[in-house]
Structure formats: C-alpha cells, structure tokens
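> Handing you this structure, nothing more for now.
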Amino acid sequence: MGEVIYSAKPLWAVLVSMIAAFLILLTGEKHRNLREGWTILAALIKFGLVFSLIEPVLAGKTIEYTLITLLPGVALQFRVDAFGLLFGVVAATLWIPTSFYSIGYVRTLKEHGQSRYFFCFAMCLSSAIGVAFAGNLLTLLIFYEILTIATWPLVVHHEDESAIMGGRKYLVYTLTAGCTLLLAIGITYSLTGTLNFTSGGFIAGHGSPGLLILLLAMFIAGFGVKAGIMPFHEWLPSAMVAPTPVSALLHAVGVVKAGVFGCVRVILFVFGPELLHQLGVWTILAGVVAFTVVVAGLLALGQDHLKRRLAFSTINNLALIILGVSLLSKNSMTGGILHLANHAFMKITLFFCAGAIYAKTHKDHVSQLDGLGRQMPFTFAAFTIAAMGLCGLPPVNGFISKWFLCLGAVETHQIIFLFVILTSAMLDVAFFFPIIYNGYFKKPLPDVAPKIDEAPMLMVIPLCMTAIFCIILGIMPNAFLNFFNIVRLAVANVLGG
Amino acid sequence: MIDQFPALIIVAPLLGAFLTPIIGWRYRQLCRPWALMILAIPLYAAGGALLQVIRSGPFGYNLGGWAPPWGIEYRIDHLSGLMLVLIAAIGLLAAINAKPGVSMDLKGKEPHFYTLLLLQITGLMGIVITGDLFNIFVFLEISSLSGYGLIAHGEDGAPMATFNYIIIGTIGASFYLLGVGYLYMATGSLNIADLAAILPNLYHSKMILVGFAFFTTGVAIKMGLFPLHVWMPDAYTTAPGPVSTLIAPLMTKVAAYIMIRIMFTLFQPDFSISVVPVATILGWMAVVAIIVGGIKALAQTDIKRMVTYIMIAEVGYIVMGVSVMNRPGLTGAILHIVNDACMIFGLFLIIGAISYKGHGREIYHFQNLNKKMPFTMAAFVIVALSMCGIPPACGFFSKWYLIMGTIVAKQWVFSITLLCSSLVNAVLFFRIIEKAYLAPLGGGAHGHDDDHEEEVIVRDEAPASMLIPILITAAIIIILGPLSGKIIAAVIQHAVPAAF
Amino acid sequence: MKNWFKLISWVAVIMTGALLIYGIHDMPAWGDPDSPANAHVSPRYILEATEKTATPNIVSAVLADYRGYDTLGETTVIFTAAISCLFLLRRRGGKK
Amino acid sequence: MLEYILAKYNFWIYVVLMMIGLYAMMGKRNLVKKLIGMNIFQTSIILFFVSIGVKKGGATVPIIMGHGHGHGQHLIKVADYLNPLPHVLMLTAIVVSIATTGVALATLILIYKRYHTLEEDEILAIRKDPSSYKTLG
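Residue numbers (our numbering), protein chains in the order written: chain H, 50 to 546; chain A, 71 to 570; chain X, 5 to 100; chain Y, 180 to 316.
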C-alpha cells in the first residue's frame, strides 16, 4: 500500500461528535435551539473532516493516527483506508439530513427526554466513525461496544413495555455478541500477536484449519448479530419500537452497518480471500447468507407494520452485502461494498418517509396507507424512488450495486447465487409495490386530507434530498463523494495486496 | 527525604492515628481536616516511592538499621508501589467522602472513626510495604481489628455479622500465622527475600507443603474466596456507609496481594504448578466463585448486598488470573486488583450517597433516581458499564488480560466463565439502570412531553463532599482504561515474574 | 440445619487435623539445637545482642530493637482494640 | 507408635488443642463458647511456636548474665540459650490475641444488649421473627 500520512483528522472526526454530545447534555432542555445547534455544527464539521480525507485516500495514501498503546503491538489506532473511508463518508454524510430530520421529528411529536436523545445520537455517530476508522480489531471492538451501549437508550426511548422489552432483547443479543467477539479477538491475538488490519488478511499460517474455521464462525456470529444474519436477527424487528429517526440511524447508517462493516473487515482484512479459498468455507458462508437473503425477503412479505417490513428488508439487503463480499470475486466485492453505501441512502430515505407519515398521520401500518399519496406527494415520491432502488431498477443507485453483484455471481460460476440475488429483487418488488400501489391508486381512506398536507419542512426536505441523491448516485456513481472510485480502490487493495 | 519515604508511609498515618483522639478530645470538628492532612502524606510518599521504583528499580529500607534477615525490612517493588498508591488514594477519597455519612450514622464519635480509619490505612499499607512475614501478620491484625470495630457499629445485624467476621477472620489470620510458623521451622527465617532464596531446596518437605496450605487457606478467608466467603456479605452489607466504602474495596484486594506475594515472590511459580496442583485447584475454585457469586447476586434485591456478592465473583476473577500461571493472566489479575478496587469503591460511594439522601437500597427504590441525583447516577452508569466490561472503561482491559490468560493456558471453561460473568453483570446492572432511567413498566408510560406536568421531581443531589469523590472515581475508571497499556508497561510487567 | 452445620465443622476440623499431623512427620526432632529454626537467624541474636544493644535479656533486645517495628505494631494493635471498644461501647451521641 | 508420638509430644498436643479450638469456633452455637474456642485455638499456635524454639541439652532462658557491655563474649555459646525469636513473636501474638478477644467481647456486649441472648439460634430466630424477642427479666 502507498504512503502513510500521520494526521489527527480521524481522531477529530470521532471526537467532534463526542464533544458535541457533552455540550448537548450541558446545554440541556432549556436552550433547545442552542442544543440542536451543537448537533448540526458537529455534523457539518465532521462531514468536512471526513470529506477532506477522500482526496488523499484516492491518491493511494493511508491516514494513520496512533493515540495510545493498549497492548504490546496493539494501540488505540485510527487508520483510514478506502474501505473504512467509504463507511465513514456514508455515516458522516447521512448524519446531516438525519440531524435536521430528527429535530423536525422530535419537535413535531413533542418527544420527552430530547437531550438524552441527541446525546446518544451524537455518541452513536462518534462510535460509528470510530468503527469505520479503526486501525485494528481492538479499536474496532472498543467503538463497536460503545455503539452498542449508546444505541440502547435510543431503542428504549418510548419507555413503554414493548420498548423496554425490545431494549432488553437488543442488549442480550448484542452484548453476547460482544463477548463472542472478545473471545475471538483474544484467540486471534494469542495466535498472531497482532490485530492490525492488513489488506488480504494477516491470520493465514497461524493455527490449524479447524481452529481458523471456528474463529471465523465466532467472528461472523459476533458481527453478524448486529448485521442481522439469520439466526441472530430477532432483535432487529423488535428494536423497531424506537423513534423513526433512530430506526433510520440503526438501519441505514449506524448499528447494522457497523455489523456488516465488521464482517467485511474480518473476511477481507483478517482472513483474506486467499485463506478463505484455501479453507473452502466461503461457500458455506455464502450459503448461510443467501439463506438469510431469501428468508428475510419472504418474512418481509408477511409484515403489515411498515417499519417491521423495512426491518426485514434491511436484513435482506445486509445479507446481500455480505453475500457479495463472501463470493470473493472482484465484481461481487465491488457490488457488495458499493451496496453498503447505496443501501444506506435508500434505506434512510424509506425510514424518513415512514417517520414523516407517522409524525403527520400517526399511521404505521401498510394497510392504513390507502390513498395517502395524494396528501403527501413528496413523501411518497421519495418512497417510490428509494423502493425502486432497492428492487434494483435503474436509474436509482441500487441498480448499479445489484448489477455488480450479479456479475460477480456469474463470475464465480455459482449460478445459484445469481438466482438468490434475482429472487431477492423479485421479493423486493413484491413487498414494496403494494405500498406504493396503496398510496397512489387505492381509494383514499376517510381520514386522508383531500389536499396536499405534508409533514413539517424539517422532515420533508431531508427525505427529498436523500431520494434525489439516490438518483444522482444511480446515474453518476462518482458524483460528489467518489463512492465508486473508493470502492474500486478498496477492492483493488484487497485483491492486489 | 526520598530515602525516608518507606518509613513515612507507615509512620505518618500511625502517628496521626495516635494523635487523633487527643485532637478530637477538645475539637471534634478538627478530626476530619487532620485525618485528610495526614492521609495526604502517605499518598505523596507512596507516589514518590512508586516513581522511584519505576526509575531505579525496587529498593529496601532497613528499619532500625538492622540487616534484613535479623531486622525487619521494608521492601518496595513495582507491585507494592502500585498497591501503596492505590490504598493511599482510596483512603484519602474515602475520608473525604466520610463526612456526611459520619455525621449522620456516627454522630459524636468522629475522633474514634477517624482514628480507626487511619489505623485501617496504616495496617493495609503495612501489609503491602513490609518484607517480613511476621510483620505482615501484625499489620493484618491492625487492619482487621480496626475493621471489626468499624463494621460492628452498623445497622441492625452488624454486631452479629462482626462477631462472625471476628471468628472467621481470626481463623484466617491464625492460619496465616501457622503458615509462618511452619516456614520458620523449616528454614529459620522470616524475611521474604531470604526465604525465597532458601525455600527452593525444601520444596518437597511436608512442612513446606503444610505451611503453604495454611497460607493459602488463611489468605483465601481474608479475601472471601468462594467457600470461605461466608462472613463477607453480612459484614459489608450491615457496616455503616462510610465504613464499607473504605474497607470493602481494599481488604479483599490486599489479601489478594498477599496471595500473589506468596505464590510468586516467596515461592517460585513452579511450586504451585508442579509440586502441588494449587494452581488448578484455585482455578476451579475461582470458576465456582464466579458462578456462585453471580447467581447469588442475581437473587438479591438489596443493592449493597448484591455488590458484596459481585465482589465474591470479582475475587474469583483475580484468583483465576493468578491460577492460569502465565504472563497475561497474572497481568490481568494485578490490573484487576487496581481496577476492581476502583469500581467497587465507586459502587459503595454511590450506594452511600443514595442511602444518605434517604433512599432505600432495594432496586425498586431506584425509580426516577436519575432525575433526583443525575450526577450520582451518571457515575453509576459509568461504573456499571465498567463492571460489564464495556470499553473504554477500565473493567474491559483487565477482563481482556484475564481472558488472554485463560486462552494462553487453553482453559476454555475459564474463558467462558469470565465471559458469562460479564453478561451476568450486565443483567445485574442494567436492571438497575432501567429502573433509574426509564418509566416504570406498565405504570402508564409518559411517552410524550404533554403529560409532563403531572409529577415534578426535584433534583436532590448528594452533598459536594460525597459527590466529588464519586465523580473523581468515575473519571479514574474511564481514564485508567486507555492508560492500562502504559500502566502495564511501566509497572505491572515488572511485577510479573520473569520466568513467564 | 443444625446437624448440617455440625457436619461441616467436623469435616473442617478433621481435614485441618489431618493436614497438621501430615506436617509433623518432616519436622525436625523436638529440641534439636541444630534444627533450621535454631541455626539460621537466631544464633546471631544470642551472640551479638548483648554487645550491640547492651541488654542482657535477648528476648527484650530482639523485641525492642531488632524487631522493634513488630512491637510498635503490637502497641498499635492494643491501641486499635482500645479505640474499637470505645467506639462500640461509648454511649455519647450515636445510636439512642 | 507411642514412641513416635512421644518424641514430638508437644506437637501432638498442639494439634489436638487446635482441633478442639477449631471445632468450638465452628460447631458451637453459643457465642461465648465460640470465643473460648478462639482462645484455645490461638493458645495452640503459641504452644507450637514456643516448641520450635526449644533446645535440648541444657539450654536455658536467653538472658545473658554477667556479661556487661560486650566483654567476655567468648563465653557465649549458642547451644546454651533457647532460641529467642519464637518468644518474641509470641509476645506479639499474645497481645494480638488479647486485643481480638477484647473487641469480640465488646461486640458480644452489643449483641447481648440488642437480643438479650448469646445463643446463635435464638438470635437468628429473633432476626427472622422479631416477635419472638424475650424481654430481659
């Protein structure tokens, strides 16, 4: 890999929202505008910091910053490579619309405990960036655990029975996963004496194949809980009791993507494609994930609650990302990693729409949406765009990533996975189009306002922005943020390194 | 001045203790400032001694100028330097914290309280600093006796709990003394360094085996290792708030220190591996301690009693780290002595503050406590997360090393026990956090701001003298985590025997 | 309950006793002037103490001088016990 | 067998004493008996230590008479005097044991004031069910 730049920018990108979190707490409920000001200021600064890292990374450089040594050979270290940067850029970019949207959402619904809400939000973002920029497994684990804890107050935000139960379930799943990861990382460290991510893996040659397969299973189980891989997905629909911006954050940017990110990090940067080919486990891994893709799609069909349906769609798409990466070919990896970014934009739009509908009309079931498209045209237009993207229809960005995934499946001569990907696209159509159909073409329910009556501007503008962004990314994958180049560089690093 | 640090560490609190009743006779209010002033001296001296050890290695100090095997030697190495700083710091913070609790529970007895507090600190520091086995016994008794006196003054069941503690504690101390006797009989020496040189030739003598057995049993009693823990929950639960805050975090940890000294300085590590299978036995006892401690803690509704059971599990952690007999394990054990002392101290401080404010200790009393005592509860969350092993709090790092130790030793049952125990801790603490921060289950959730006016909860925070130690401890818990790498590099790695 | 308690104490006592008897085997003969305890550290006390401390009673010399800090600790123990008793039994203030 | 025991008879006595003391501390239900057990226990340790310091063959108490101020050192023979160190240690241990007994008695006073009994079972019963409390009479 190219040249290494030592810079504190990654650290500041993590710290800025942590500092903002404490400022939010200190400002408190009395000065709402100032408090929200901190959020937005931090979001903008963070975006600026992360954005300024794109150029050097694309030039083939790596940005590194070592804070303090934790173990012999392992430090609290940030290292920004192309793959980490991709996640970082997605998180930092989407924090801006989410912040505006959140402000609109909590003010419209007069939520309680807003300071706690924004505090945890900022902490989540801080740790998500920490996960993205972590230079080794231990740093990754540290931020991953902070993310787990910081999300819990958001999940239980409503403080009613289902929220508390959802929160408990969430904690049980994620903390157990954290323990599994701790054990897995401990074993890795005792085998290799290092934890630093290396393109193409560093664990090859240490330990017997059986142990390595067990280790891979532990890693995938540990990160897979947050990524919602099938036997461990139960917490995700339950966590849908959280306020909608939180669900958007959980499903598009923060928690679940951190899980996927961790899986991909482990597959590509700890084990590496070569070792996985040698061990012959990639087909098993891909099989498990493909199972998740199909079953989650089927389960989504049965959900009437809009957010739960979106949750299963998330499980489906996350599995698709991991599927792409675990097929280990150039195009499938490109598609998988690109989908990590694209899915974030599409899914956050969908959740924003769901939240806007709920904030305006207090409706949250698919069957209640009849004719609502006339009352909330912008929201429904955005919803349609994002849903089309998830189904893989051009010109929305989802098409590109699915295209590469399909290419990759063909490339590996595993036609079954091609079928899986196509089936999942079919299922996407099957569970999204009824919503759109209900919204536009069914006879309006009696309580639907005859004229345009949208949610507050603070909510509608962000969701339109993200929807438009989805289309722009679909036409020009390199627009503004150079996603496609970053992804290509990341894949090239892994395969070439 | 620097040469006299070791003497100063003991003599300052000792003289301070002798003078406290005299001062308190006339001016009872002066006792606390006096005790604080006195306690600052050993903290300063211990810090200086630790720095000197880091800079130029372990050093000894011959009391009265008699050469070691004949006279008593104070010996400060990396481990004891670290323990001294820990004890002095916690002692000082506990003394700062004691004021409101003492004026509430022990009114009119300030001189006695502060005298005993200073004696307790003297005893604990003495155990750590001395290089003479019999001297350890004497200081052990000083700290135990002051502890008996302090604990017996607690709530309803305290005298009975103390009496049991006296009986069992005396068995422990006497077993320790017997161990000293057997070693003396076999070698003729009492000095640890001298004994360590003589003993390897005698490892198969039955006297040494019996002596070692009595040592370990005696120390395990003082430490509250599982089957010998019976005195601990009652004694620490019924003790007055400021007292359990002082004694609970330190006594068990100092006993663990003695165990590490015996197993790794007095004896060679192979003694506990090959001559007698102590390491294996201790390891499995630790597993049982962690499991039983966790289960018993789950069964408690009184949070103070719950914490005492958690302490039993935490003692299990330390013993497990010792028992795996490798470098990461022992590093983790020593790190956990420090971290766990801070965490348990923090928990007892918080419990003390909550009780002082008139709230009960049952879990349901925690309802809405975050609005009444926001800072205390924020500190509680930090300590709780540290206990669950969530980074970057310090609990994560000691747990990491302990798990590394079990992995290196290939003791998978131990690793899994440790991990399960963090999950149990998560359950224990999150049920309290849930109670404190969230609306009651099924009790009409106040989802939105609209029905806010029905109940206004007034903030009623603990007094500054309690809050400051709480916040300092919480800060230390967070700072110690990322710093653990440095602490290990500077101090702990030298405390682990080079053979590992 | 009561019998259970007695049983435990019997087991503990018998185990301790067995351990102690096991230890007796290797002990040096009773009263052997050349046993390690009598040969390693203590001879120097007997030979030197009178000269160095100007005290004919060697026990006193060792008590107060060689191992003076033990004795300081011993005094402290008494002091601690006294303060503890005062603390517990004194009626002023406190409870009731 | 008998000779074997007699050869180290005071160690055997110490073992027996210690077992008696230990049993009383753990098995007896009366608190004062427990305390007495504790004293027996500590006494046995003292016996043990003092036995270590014994020298047969005419050794006497370690008080050196008639050798003022370092003169005539040549007359001192180690074998002539008992080992002083165990005695020193035991002086300290005796004091410790007395101090412990004192504190234990103080807690017993507190217990008696509170429950008017020193039988552990009765105290446990009172703590479980305060109505079974007997008034002093």
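Every residue gets a Cβ at the ideal spot worked out from N, C-alpha and C, and that includes glycine.
Taking C-beta to C-beta, are K323(A) and D202(A) nearer than 8 Å?
Cβ distance not < 8 Å, so K323(A) and D202(A) don't count as in contact.
> Could you pull out every residue in the same chain whose Cβ sits closer than 6 Å to the Cβ of N262(Y), ignoring the five residues on either side in sequence?
For N262(Y), where only same-chain residues beyond five positions count, the Cβ hits under 6 Å are G232.
> Keeping to the same chain, check which residues put their C-beta closer than 6 Å to that of I571(A); ignore five residues upstream and five downstream.
Any answer about residue 571(A) is impossible in this case: the structure gives chain A only from 71 up to 570.
> Within 10 Å of its beta-carbon, does M204(Y) have 16 or more other beta-carbons around it, so buried, or fewer, so exposed?
That one is buried.
> What does a CB cutoff of less than 8 Å around E52(H) pick up in its chain, not counting 5 residues either side in sequence?
Cβ within range, chain order: G109, K110, T111.
> Listing by chain order, which chain Y residues have their CB less than 8 Å from the CB of N1(X)?
Because chain X in this structure spans residues 5 to 100, residue 1(X) falls outside the shown range and cannot be described.
> For the beta strand (DSSP E) that A119(A) lies in, which residues bound it at each end?
Unbroken run through A119(A) is the alpha helix (DSSP H), 101–126; no beta strand (DSSP E).
> If distances are taken between C-alpha atoms only, which option among R156(H), L120(H), H80(H) comes closest to G404(H)?
Here the closest residue by C-alpha is R156(H).
> With DSSP as the reference, label A222(A) as helix, strand or coil.
Three-state result, A222(A): helix.
> Which residue wins for smallest C-alpha separation from L303(Y), given the options G555(A), P229(A), G459(A)?
Cα-wise, what sits closest to L303(Y) is P229(A).
> Could you tell me which uninterrupted alpha helix (DSSP H) segments, each at least 4 residues in length, are contained entirely in the region 413–464 of chain H, listed from first to last along the chain?
Entirely contained in the region 413–464 of chain H, the alpha helix (DSSP H) runs reaching 4 residues are, in chain order, 421–424, 426–440, 446–460.
> Counting only beta-carbon atoms, is G97(X) nearer than 8 Å to chain Y?
With a pLDDT of 47 at G97(X), under the threshold of 50, the predicted position of this residue should be treated as unreliable, though the coordinate-derived value follows. No, no contact with chain Y.
> On the criterion of 16 or more Cβ atoms from any shown chain inside 10 Å, does T239(Y) qualify as buried, or is it exposed?
T239(Y) is exposed by the Cβ-count criterion.
> Assuming V282(Y) contacts Y218(A) (C-beta within less than 8 Å), just tell me the rounded distance between them.
Correct: roughly 5 Å between the Cβ atoms.
> Which class does V528(A) belong to by DSSP, given the choice of helix, strand or coil?
Residue state, collapsed to three classes: coil.
> Let me check understanding here. Comparing Cα to Cα, which of S230(Y), T279(Y), A272(Y), M244(Y) lies closest to E86(X)?
Here residue 86(X) turns out to be Ala, not Glu, going by the sequence shown. Cα-wise, what sits closest to A86(X) is T279(Y).
> For the beta strand (DSSP E) holding L120(H), just list the boundary residues, first then last.
Here the beta strand (DSSP E) through L120(H) covers 111–120.
> Secondary structure at G130(A), three-state DSSP: helix, strand or coil?
Three-state result, G130(A): strand.
> Between the alpha carbons of D521(A) and G77(H), how many angstroms are there, rounded?
Because D521(A) sits at a pLDDT of 45, beneath the cut-off of 50, its placement in the model cannot be relied upon, and the following sentence gives the value as read from the coordinates. Near 19 Å, if we compare the C-alpha coordinates of G77(H) and D521(A).
> Name the chain A residues whose beta carbon is nearer than 7 Å to that of S88(X)?
Correct list: L186, L215, S216, Y218, G219.
> For N366(H), does the three-state DSSP call read helix, strand or coil?
N366(H) falls in the helix class under three-state DSSP.
> Could you pull out every residue in the same chain whose Cβ sits closer than 6 Å to the Cβ of A181(H), ignoring the five residues on either side in sequence?
Taken in chain order, the residues that qualify are G133, F136, G137.
> Do you know whose CA, among L289(Y), P241(Y), D300(Y), F227(Y), lies nearest L248(A)'s CA?
Looking at the Cα atoms, F227(Y) is the closest of the given residues.
> Which residues mark the beginning and the end of the alpha helix (DSSP H) in which R165(H) is found?
R165(H) -> alpha helix (DSSP H) spans 163–182.
> Let me make sure I understand the geometry here. Which of G86(H), T241(H), F251(H) has the alpha-carbon closest to that of I152(H)?
If we check each option's Cα against that of I152(H), G86(H) comes out closest.
> Which of the three DSSP states, helix, strand or coil, is assigned to V53(H)?
In the structure shown, V53(H) sits in a strand (DSSP, three-state: E or B).
> Just checking: is the beta-carbon of Y114(H) within a distance shorter than 8 Å of some beta-carbon in chain A?
It does not; no Cβ of chain A falls within 8 Å.
> So, are the CB atoms of V445(H) and C519(H) less than 8 Å apart?
Yes, the pair counts as a contact, with Cβ atoms nearer than the cut-off.
> Buried or exposed, going by whether 16 or more other CB atoms sit within 10 Å of the CB of Q74(A)?
Per the 10 Å Cβ criterion, exposed.
> For V172(A) and E180(A), I'd like the C-alpha separation in whole angstroms.
Each residue's alpha carbon lies about 7 Å from the other.
> Can you find at least 3 beta carbon pairs, one from the region 467–476 of chain A and one from the region 392–403 of chain A, that sit closer than 8 Å?
Output reads yes: the region 392–403 of chain A touches the region 467–476 of chain A.
> Does the ligand SAH have a heavy atom nearer than 7 Å to the CB of L231(H)?
The ligand SAH is not part of this structure, which contains no ligands at all.
> Determine the chain X residues that contact M198(Y) at a beta-carbon separation under 9 Å, and present them in chain order.
Here the neighbours are V17, I18, T20, G21, L24.
> Going by DSSP, which residues form a beta bridge with A124(H)?
Paired residue(s): T118(H).
> Keeping to the same chain, check which residues put their C-beta closer than 7 Å to that of L84(A); ignore five residues upstream and five downstream.
Taken in chain order, the residues that qualify are T192.
> Please report the residue range of the beta strand (DSSP E) in which I252(H) lies.
Taken as a continuous stretch (DSSP letters only), I252(H) belongs to no beta strand (DSSP E), as it is neither H nor E.
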